[in-house]
Amino acid sequence: MYLSLSWRNIWRNKRRTLIAAASVFFAVILAALMRSGQEGSYSYMIHSSAKLFTGYLQVQHEDYWEKRSLNKSIVMKDSLVQAIQALPHVTSLSPRLESYALISHGSETRVSQVIGMQPEYEQAMTNLKDKLIAGRYLTSGSESALIGEGLADLLHVGLGDSIVLYGQGFQGLIAAAKLPIQGIIKMPFESMNNAMVYLALPNAQDIFATYDRITSLPIMVDNIRHLATVDQQIASMTHHKYALKSWDEMLPELKQNIQVDNASGIIMLIILYIVIAFGVFGTVMMMISERAREFGILISVGMRKWRLMVVTTIETILVAFTGVISGVIASIPIIYYFHHHPIHFTGEATHTFEQLNIEPIFNFSMNPSIFWDQAFIVLIIALATAVYPLLFIRRLKPIDAVRG
Amino acid sequence: MALIEINSLHKTYNTTAVPVHAVNNVTLHIEKEEFTAVVGPSGSGKTTLLNMIGGLDQPSEGEIIIDNTNLNKLSTSAKVDFRLHNIGFIFQAYNLIPVFTARENVEFIMLLQKRPKKEREERSNELLKAVGLQDRMHNRPSQLSGGQQQRVAVARALASRPNFVLADEPTANLDSVSAESLLDLMEQLNRTYQTTFIFSTHDDRVIKRARRVVTLRDGKIDYDKQNVQTVSGE
Chain A
71 MYLSLSWRNI WRNKRRTLIA AASVFFAVIL AALMRSGQEG SYSYMIHSSA KLFTGYLQVQ
131 HEDYWEKRSL NKSIVMKDSL VQAIQALPHV TSLSPRLESY ALISHGSETR VSQVIGMQPE
191 YEQAMTNLKD KLIAGRYLTS GSESALIGEG LADLLHVGLG DSIVLYGQGF QGLIAAAKLP
251 IQGIIKMPFE SMNNAMVYLA LPNAQDIFAT YDRITSLPIM VDNIRHLATV DQQIASMTHH
311 KYALKSWDEM LPELKQNIQV DNASGIIMLI ILYIVIAFGV FGTVMMMISE RAREFGILIS
371 VGMRKWRLMV VTTIETILVA FTGVISGVIA SIPIIYYFHH HPIHFTGEAT HTFEQLNIEP
431 IFNFSMNPSI FWDQAFIVLI IALATAVYPL LFIRRLKPID AVRG
Chain B
467 MALIEINSLH KTYNTTAVPV HAVNNVTLHI EKEEFTAVVG PSGSGKTTLL NMIGGLDQPS
527 EGEIIIDNTN LNKLSTSAKV DFRLHNIGFI FQAYNLIPVF TARENVEFIM LLQKRPKKER
587 EERSNELLKA VGLQDRMHNR PSQLSGGQQQ RVAVARALAS RPNFVLADEP TANLDSVSAE
647 SLLDLMEQLN RTYQTTFIFS THDDRVIKRA RRVVTLRDGK IDYDKQNVQT VSGE
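And the structure:
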């Protein structure tokens, strides 16, 4: 009967109850949408950066990341690479030999990043082939190069022209080669477009005299949550022989940007929560204040205060639950839509993203925890407002309340 | 021994520069099955007296002993339980729970007493039949007239099988027909259930029906007479 009393009480003033439930309802939607947008974008930023640059995890020589020297390269057997690829949660990997070199054509010379890679592996990880705008993709036996569109423009070269690579190879040897241009790729960022040169891994190993060595093995996993598991498995498989660098160690700027943005997002959420709290609190206060006389009567006829507190708490829970559940239900299709139709930024906004080497896409996460977390927080806020009726009833003197 | 013993009761309010003696040295004994009216002009202290008998207000001095229980010695929560099991209340403005039906209002007191469901249903049916509302038991207060609501309040007051019923101006909001009807009902219930009724009132119709009339003036008992047929109120 207490539940029945509470349920009927909340519908005494339907409009007011609906307004209170609606404030919770919209709060859940707004909070879930904000959080989904943030987490979705962060995940996308991390994923796209990892996919394009470093992978979520890299196997390296323990000093490579500091020195960035071919002398800190490693030998990794194909069997180990395949064993790592076969690990659960590993979606792709790409053995690479990375270095910097001077690239020349005629009188033009540019410093470029040269990546030697196995074309099939690289395609699986970065979809490099899809970025080809002219020419053909490499094969493992290719002795030619793919170059960024911007670099091609800077060097005034096109398909069929040759570029000269000049740099330092393994253990101080000179790396020099004349490379025909087999393809031109369009990278998503200007900085990459103006600097990237891709070679087949055997060709790069030959040019830089590293034989069968690689500088890194970037690895992608199906979900960032599984990173630690994969990390442990690889460490165990390799007997802790190599360093394992995670994306946040290799992309600290990205991590910091996410942290800063996340902090500002959380501040916005807190402001939203405060607004919700006052809205619900105001409604609860009105619901309680106008029933002071009734509470006085109930205590007079023999209802213990704690029982009255239970009734009012159930009322608050019912209103909050109505808002929270309906808010979660309504937010799912909205976020589902944005998850599948992410917002693509255009105009000036794209430059900000490009400066961070992030594709200008605002993605939304469908992680279930977003819905439950926001629902739970809003529910807690709503329940916190139930403290007011408890204090009100605790202080209530029935004789004063009955007198009105 | 009297059902209610009121000994040297004082209630003083110190809210102004001059203390107000709302109840001033009242001694009164009320026996079981009495049908007593406490009358007097506004400010005479009758409501304050009833509030103290009901354990809603604390005396400044003196004691109230109900069925061998000294109210002064009960804690606040014990008083709530004492009221639940010993006192029925009827208020001037009915004060039913608006979201409950007539029957649920009557049952609710028994629910607080943790009576079994079957007993609650049987007793609420019986009481609503006794007050002539067996056909309206599923109606909410807003669907009942003032007289009908007060009848439900009477049934509610009796639901807990109290030692006595305190009724504060029970007819004040009723028209004359409803008031007479309610008084008939309460007299009948007084006889049927041997329930003690104590009214505060300045309604002549109630005073005429009372078998004992206690008149207060300035917080003191002015008259205390049995079987008085006509006593001037205000």
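Each protein sequence line maps, in turn, to chains A and B.
When the first sequence is numbered by our numbering, its final residue is 474 and no position is left out of the sequence of numbers.
When the second sequence is numbered by our numbering, its final residue is 700 and no position is left out of the sequence of numbers.
Each residue gets a CB set at the ideal place from its N, CA and C atoms; glycine is no exception.
So what does A/Ala246 bridge to, in DSSP terms? Answer is A/Tyr236, bridged to A/Ala246.
### Task
For A/Ser93, count neighbouring C-beta atoms within 10 Å of its own C-beta (all shown protein chains included) and say buried if the count is 16 or more, exposed if not.
Answer is buried; the Cβ neighbour count reaches 16.
Fill in: Assigned secondary structure, B/Ala633 (DSSP; H/G/I helix, E/B strand, else coil)
The answer is strand: DSSP assigns B/Ala633 an E or B state.
Determine the DSSP secondary structure at B/His487, reduced to helix, strand or coil.
DSSP places B/His487 in strand when its eight states are reduced to three.
| message | Assuming A/Thr285 and A/Glu168 are in contact, meaning their beta carbons sit under 8 Å apart, how far apart are those beta carbons, in whole angstroms? | response | Cβ-Cβ separation between A/Thr285 and A/Glu168: approximately 5 Å, consistent with a contact (criterion under 8 Å).
Using a Cβ-Cβ cut-off of 9 Å, state whether B/Val565 counts as contacting chain A. For B/Val565, the answer is yes, since a Cβ of chain A falls inside 9 Å of its Cβ.
From B/Arg581, B/Val505, B/Ile496 and B/Val597, pick the residue whose C-alpha is nearest to that of B/Asp684; which is it? Selected option, being the one with the closest Cα: B/Val505.
Q) Based on the DSSP output, what are the partners of A/Tyr268 in its beta bridges? A) For A/Tyr268, the pairing in a beta bridge is given by DSSP as A/Ile185 and A/Leu216.
- Item | Under 9 Å between C-beta atoms of A/Val472 and A/Leu75 | No. Outside cutoff.
(Q) Quick check: the Cα distance between A/His414 and A/Glu429, rounded to an integer number of angstroms? (A) Those two C-alpha atoms are separated by around 9 Å.
- Within the stretch 601–632 of chain B, ranges of the alpha helix (DSSP H) (whole runs, at least 4 residues): Uninterrupted alpha helix (DSSP H) stretches at least 4 residues long and entirely within the stretch 601–632 of chain B occur at 612–625, given in chain order.
Review point. Hey, how far is the Cα of A/Val98 from the Cα of A/Ser435?
Key: If you draw a straight line from the Cα of A/Val98 to the Cα of A/Ser435, it is about 15 Å long.
Check your understanding: Quick one: which chain A residues come within Cβ less than 7 Å of B/Ile496?
Key -> Near B/Ile496 there are no residues of chain A at all, since even the closest Cβ is about 19 Å away, more than 7 Å.
Anyone know if the C-beta pair for B/Leu469 and B/Thr667 falls short of 9 Å? Between B/Leu469 and B/Thr667, the gap from beta carbon to beta carbon reaches 9 Å or more.
How about A/Asn83: is its C-beta nearer than 9 Å to some C-beta of chain B? Judged by the 9 Å Cβ criterion, A/Asn83 is not in contact with chain B.
Discussion item. Given this structure, state the Cα-to-Cα distance separating A/Gln275 from A/Ser439, to the nearest angstrom.
Written reply: Those two C-alpha atoms are separated by around 46 Å.
Tell me the rounded alpha-carbon separation between A/Val457 and A/Phe441.
Cα to Cα, A/Val457 sits roughly 25 Å from A/Phe441.
Query raised in the report: What is the DSSP secondary structure of B/Thr696, reduced to helix, strand or coil?
Result: Reliability fails at B/Thr696, whose pLDDT of 40 lies under 50, so the model's placement of it is uncertain and the value that follows must be treated cautiously. Here B/Thr696 carries a coil assignment [DSSP, helix/strand/coil].
What distance in whole Å lies between the Cβ atoms of B/Thr478 and B/Ser526, which are believed to be in contact at a cut-off of 8 Å? That pair is a contact at about 5 Å.
Between the Cα of A/Leu460 and those of A/Thr420, A/Phe351, A/Ala445 and A/Gly417, spot the shortest distance and give me the residue it belongs to.
-> For A/Leu460, the closest C-alpha among the options A/Thr420, A/Phe351, A/Ala445 and A/Gly417 is that of A/Phe351.
field: Residue span of the beta strand (DSSP E) that contains B/Phe555, given as start and end
entry: Counting along the chain, the unbroken beta strand (DSSP E) around B/Phe555 starts and ends at Ile553 to Ile556.
Measuring only the C-alpha atoms, how far is A/Thr308 from A/Thr383? Approximately 58 Å between the Cα atoms of the pair.
So that I know if they touch, is there some Cβ in chain B lying closer than 9 Å to that of A/Asn332? Taking 9 Å as the threshold, the shortest C-beta distance from A/Asn332 to chain B does not fall below it.
For this session: Measure the C-alpha to C-alpha separation of B/Asp650 and B/Lys584 and round it to an integer number of angstroms.
Result: Rounded to whole angstroms, B/Asp650 and B/Lys584 show a C-alpha spacing of 29 Å.
For B/Val546, go through chain A and note every residue whose CB falls closer than 8 Å to its CB, in chain order.
-> Near B/Val546 (Cβ distances below 8 Å), the residues of chain A are Ile369, Gly372, Met373, Arg374 and Lys375.
I need the DSSP call for A/Leu29, collapsed to helix, strand or coil.
It is not possible to answer for residue 29 of chain A, since the shown part of chain A is limited to 71 through 474.
What alpha helix (DSSP H) runs, 4 residues minimum, are completely inside the stretch 398–441 of chain A? The stretch 398–441 of chain A contains these whole alpha helix (DSSP H) runs: 418–425.
Based on Cα-Cα distance, which residue from A/Ser106, A/Ile304, A/Thr179 and A/Arg138 lies nearest to A/Arg166? It is A/Arg138 whose Cα lies nearest to the Cα of A/Arg166.
Report task. Spatial neighbours of A/Val371 within its chain, please: CB distance less than 6 Å, with the 5 preceding and 5 following residues excluded, ordered by chain position. Result -> Here the set comprises nothing.
Next on the checklist: Quick check on DSSP: helix, strand or coil for A/Gly205?
Outcome noted: In this structure, A/Gly205 counts as strand in the three-state DSSP scheme.
Out of curiosity, what's the CA-to-CA distance linking A/Arg180 and A/Leu225?
Between the C-alpha atoms of A/Arg180 and A/Leu225 there is a straight-line separation of about 8 Å.
Exercise. Run through DSSP, which three-state label would A/Gly366 get?
Worked result: A/Gly366: helix per DSSP, three-state reduction.
Notebook entry, point to check: Between the Cα of B/Gln613 and the Cα atoms of B/Ala544, B/Ile575, B/Tyr560 and B/Glu592, which residue gives the shortest distance?
Noted result: The question names Gln, yet the displayed sequence has Gly at residue 613 of chain B. When only C-alpha atoms are compared, the closest one is B/Tyr560.
Report yes or no: do the stretch 528–537 of chain B and the stretch 353–371 of chain A share at least 3 C-beta pairs separated by less than 8 Å? Counting Cβ pairs under 8 Å, fewer than three are found: no touch.
Practice item. Pull up the distance between the alpha-carbon of A/Thr455 and that of A/Thr386, whole angstroms please. Key: Cα to Cα, A/Thr455 sits roughly 8 Å from A/Thr386.
* To do: Please work out which residues of its chain come closer than 6 Å, Cβ to Cβ, to A/Tyr268, disregarding the five sequence neighbours upstream and downstream, and give them in chain order.
  => Closer than 6 Å at Cβ, skipping near neighbours: Ile185 and Leu216.
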